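Asker: What follows is a single structure, and I will ask about it in a moment.
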Amino acid sequence: MKILAVEDNPADVEILRELLDPQGSAFELQNAKTLAAAWGILSKGETEFILIDLGLPDSQGIATLREVRARYPSHPIVVLTGFDDEETGMLALNEGAQDYLVKGQITGLSLVRSIRYAHERNRIEQELVRKNSALDAANKELTATDRELREKNEKLIAAYEDLTAVHEELRQVNDELISYNFQLTALNEKLTVAQGKLRQYLEELTKSEQDLKRSEASLKEALAEKEILLSEIHHRVKNNLAAFISLLSLEGSSEDTPAGRMLRQDLQNRARSMALIHETLYRTKTFDQVNMETYMRTLLDQIAQTFRTKKPVMTSVDAKGIMLDIPRATPAGLIINELVTNSFKYAFPESFDCLAVRHAPPTISLALTRNEGAYMLIVRDNGVGLPSEIDLSKTKTLGLKLVNFLARHQMHAKVEVNTTNGTEFVFRLQ
Ligand SMILES: Nc1ncnc2c1ncn2[C@@H]1O[C@H](COP(=O)(O)OP(=O)(O)OP(=O)(O)O)[C@@H](O)[C@H]1O
Ligand SMILES: [Mg+2]
């Protein structure tokens, strides 16, 4: 053990050396005569034990101990005191010295024992300090851990509170869901009922539709049958009239005098005008409306045909797109037949120079127009003109009598006669 004796008295140092000598190499004694010298030795770090005399040339009394303790707190220190200075020894113990030895009373045994005990006590003390600081550290760690735990606990509590709130919300949502589910179930039941009704209506509708389709089909069938029948009737009427016209042509059917021939031709023409109505209906497949343009054109051509031996006369028809029902078309046809026949017969005699008088070639024209539901029929020629003595309402001759009768009683028309530039008959149908 390396011992430093801080002692300015060489005699005392010598005594210490002698007292320790019997221990052989167990103790190695060094000496510093001043505190300054002690610092130099201690700074090397080899000294394990300090023996110190408090009365030094550069430091006196308990202050010396305090200074050494301040610089080297872990070194064991034993203080050397004077003969009757027990008080300083006690003070030294209070200031951290391990022991004190009274100079002059020190024996080898007491010195060694004091050194060893002091050394051991110091070691135990140091150990205690070390353990204490370890405990302190552990305590600090524990405190920190405790704080952490407390914080974590607080967080857990907060999290728990949050969870409780969320749980409460979830419970409410769940309640709402249950209530919605309830309502949905009720609605669903209503829907099922409505769906059932709808299906029933649909079935009924389908059935009605099928019935309708069936009735429509039978109606169409009936209509087609009716049309066939009508077409057949018109065809037969036309054929019967044709047979009648042929009969009139048979030799011996009437007197073969010029007057007889004329009468026969008139009758034939009248029958033809009626037959033509039925033929037009049959051909155009419209059984209640007569296409007047087609009809008037054909009728005029037919009449012209019977007068082809006479000098040529121009003809014109204007009745674009006009349709008339049979009750009005038939008298109109007969009227046209009478008047056009008259025009061919009387309007252009050999003596009449049409071009010179009318500044136009001989012309017979027909016009049927419609204005806001009212029809107007005009039959005109640019010939010599109707004799002035003829009055349509009083005439005895059959042709004009027939015209007057048909116009008033069958066509319900007002008649107007103009003879300024030939002969013009105007019929205004109601
Ligand atoms: N467009 C005409 N132009 C000139 N004279 C006409 C014209 N239409 C008729 N007349 C004259 O009026 C007369 C009377 O005509 P109406 O048609 O009534 O008899 P009809 O032709 O003589 O005989 P029916 O017509 O019975 O065969 C004719 O005889 C003719 O002299
Ligand atoms: Mg006539």
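With positions in the sequence shown counted from 1, the corresponding number in this note's numbering is that position plus 1.
C-beta: ideal position from N, C-alpha, C; glycine also.
Please read all numbers here as calculations on a predicted model, not as lab measurements.
What are the partner residues of ILE365, as DSSP defines its beta bridges?
Answerer: Answer is THR316, ASP382.
Asker: Once the 5 residues before and after ALA27 are set aside, which same chain residues still bring their CB inside 7 Å of it?
Answerer: These residues qualify, in order along the chain: MET2.
Asker: Below 7 Å, is the gap between the Cβ of LYS346 and the nearest heavy atom of ligand 1?
Answerer: Yes - ligand 1 has a heavy atom lying nearer than 7 Å to the Cβ of LYS346.
Asker: I need the boundaries of the alpha helix (DSSP H) containing LYS153, first residue and last residue.
Answerer: It spans 109 to 250 - the alpha helix (DSSP H) in which LYS153 sits, taken as one unbroken run.
Asker: Could you tell me whether any non-hydrogen atom of ligand 2 is closer than 7 Å to the CB of GLU339?
Answerer: Yes; taking the cut-off as 7 Å, the Cβ of GLU339 has a heavy atom of ligand 2 nearer than that.
Asker: Under 8 Å: do the region 34 to 41 and the region 52 to 66 share three or more Cβ pairs, one atom per stretch?
Answerer: Yes, the region 34 to 41 touches the region 52 to 66.
Asker: Cβ of ASN343 versus every heavy atom of ligand 2: is any distance shorter than 7 Å?
Answerer: Answer for ASN343: yes, Cβ within range of ligand 2.
Asker: If the criterion is Cβ atoms closer than 8 Å, does the pair ALA333 and LEU403 meet it?
Answerer: No. Outside cutoff.
Asker: Are the CB atoms of MET324 and ASN292 nearer to each other than 8 Å?
Answerer: Result yes, Cβ atoms of MET324 and ASN292 sit closer than 8 Å.
Asker: Determine the extent of the beta strand (DSSP E) in which PHE50 is found, giving its start and end residues.
Answerer: Where PHE50 is concerned, the enclosing beta strand (DSSP E) stretches over 50 to 54.
Asker: Among ARG148, ASP382, ASP85, ALA244, which one has its Cα closest to the Cα of LEU301?
Answerer: Here the closest residue by C-alpha is ASP382.
Asker: Using the DSSP secondary-structure output, state which residues sit across from PHE428 in a beta bridge.
Answerer: LEU378, VAL416, per the DSSP bridge assignment.
Asker: With respect to 7 Å, is the separation between the Cβ of LEU378 and the closest non-hydrogen atom of ligand 1 below this value?
Answerer: Because no heavy atom of ligand 1 lies under 7 Å away, the Cβ of LEU378 does not count as near it: no.
Asker: Any heavy atom of ligand 1 closer than 7 Å to the beta-carbon of THR285?
Answerer: The answer is no for THR285.
Asker: Say the cut is 7 Å; is the CB of GLY374 nearer than that to a heavy atom of ligand 2?
Answerer: For ligand 2, not one heavy atom lies less than 7 Å from the Cβ of GLY374.
Asker: Considering only their Cβ atoms, is the gap separating TYR73 from LEU43 smaller than 8 Å?
Answerer: It is a contact, given that the beta carbons lie within the stated cut-off.
Asker: Can you tell me whether TYR283 is helix, strand or coil according to DSSP?
Answerer: Three-state DSSP puts TYR283 in a helix.
Asker: Nearest to GLU15 by CA position, among THR299, GLN24, ASN32, is which residue?
Answerer: Cα-wise, what sits closest to GLU15 is ASN32.
Asker: Pull the bridge partners of ILE323 from the DSSP assignment, please.
Answerer: Note: ILE323 sits in no beta bridge, so no partner.
Asker: Can you check which of these residues, LYS132, ILE78, GLU121, is closest to ALA98 by C-alpha distance?
Answerer: The residue with the shortest Cα to Cα distance from ALA98 is ILE78.
Asker: Taking the Cβ atom as the reference point for each residue, do LEU277 and GLN303 lie within a distance shorter than 8 Å?
Answerer: For LEU277 and GLN303, yes; Cβs fall inside 8 Å.
Asker: Please report the residue range of the beta strand (DSSP E) in which ASN32 lies.
Answerer: Run containing ASN32: 29 to 33, per the beta strand (DSSP E) assignment.
Asker: List the DSSP bridge partners of ILE78.
Answerer: BP columns for ILE78 point to ILE51.
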